[in-house]
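To start, the structure itself, in structure tokens.
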Amino acid sequence: MNTIARGRELFTQEQRSSFMEIPEDECSIGSYYTLSNYDIKIINKRRRPENKIGFAIQLAVLRYPGWPYTHIDNIPSAVIEYISK
């Protein structure tokens with residue numbers, strides 16, 4: 001009888017880290033971090049400019065790679081610049 005040991009890791013630490021990485025190439029940034037008109041409408045409900053960009057980054061990163069920004073070590077400046085345009 002084959003049993004799987006409890007607590008066995010499915011991925012190595014390196015594999016898990018790669019799932020949490022934000023792409024830095026221009027094509028991926030455009031694909032994953034383009035905001036829709038609806039997104040922009042929601043973002044514009046925030047009062048101050050610094051809240052708008054922060055909310056937009058949180059929304060984008062939560063969508064891809066699917067983690068809250070607090071779980072991500074580094075958000076590339078290219079992504080921040082792209083979202084802030």
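Under UniProt numbering, the residue at position 3 of the sequence shown is numbered 3, and the numbers go up by one with no gaps. Glycine included, C-beta positions come from ideal geometry on N, C-alpha and C. All of these numbers come straight from a predicted model, not from anything done at the bench.
Item	Value
P76 and I22 closer than 7 Å at C-beta	yes
Host alpha helix (DSSP H) of D39 (start-end)	37-43
L62 in three-state terms, based on DSSP	helix
Through-space distance from A56 to H71, alpha-carbon basis	16 Å
Which of helix, strand or coil DSSP assigns to E14	helix
Proximity of V79 and Y69 at Cβ, strictly below 7 Å	no
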